[in-house]
Amino acid sequence: MAAAIASSLIRQRRQARELNSDKVATNKRRTSPSKDPRSVCERHIFSVFSKVRFCSGKKRPVRRKPEPQLKGIVTRLFSEQGFFLQMQPDGAISGNKDENSDYNNH
């Protein structure tokens, strides 16, 4: 049960991070054309080339860092309060300050 909760929290966190990265890209402000130091001709050439590249059909591969994945069944979690939470074989959850505590110590 704790493994399912941990997996769900990680999934929710990843989705929230992806949604926030999309919002950041849409909130970019554009500069006023009158404040642009380039001439009208330079801006027009730039816009033509940017559209040509945009419509070229080739997409650059998006490189993302692989996110850490949980492997196996998770029975230990570390809480923000400094406790190591463990799921016991019977399904009970206990918390200890000692990282190396066994299941027998409660």
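With my numbering applied, the sequence shown corresponds to residues 88 to 193, in that order.
Virtual Cβ for every residue (Gly too), placed ideally from N, Cα, C.
Span separating the alpha-carbon of residue i from that of residue j
i      : j      : result
Pro176 : Ala93  : 17 Å
Phe165 : Arg150 : 30 Å
Glu167 : Glu105 : 24 Å
Ala267 : Phe171 : One cannot answer for residue 267 here, as it falls past the ends of the chain, which runs 88 to 193.
Asp248 : Pro148 : In the structure as shown, the chain starts at 88 and stops at 193, and residue 248 therefore has no counterpart that could be examined.
Asn183 : Asn107 : 35 Å
For residue i, the first and last residue of its enclosing beta strand (DSSP E)
i      : result
Phe171 : Phe171 to Met174
Ser166 : First-last for Ser166: undefined, no H or E at that position.
Asn183 : Ile180 to Asn183
Rounded distance between the beta-carbons of residue j and residue i, thought under 8 Å
i      : j      : result
Met174 : Ala89  : 4 Å
Gly154 : Arg101 : Before going on, a small fix: residue 154 reads as Glu here, not Gly. So it is a contact: roughly 7 Å between Cβ atoms.
When the options are compared against residue i, the one with the closest alpha-carbon
i      : options                   : result
Arg163 : Ser181, Pro153 and Pro148 : Ser181
Cβ of residue i within 7 Å of any chain B Cβ
i      : result
Val149 : This model lacks chain B altogether; it includes just one protein chain.
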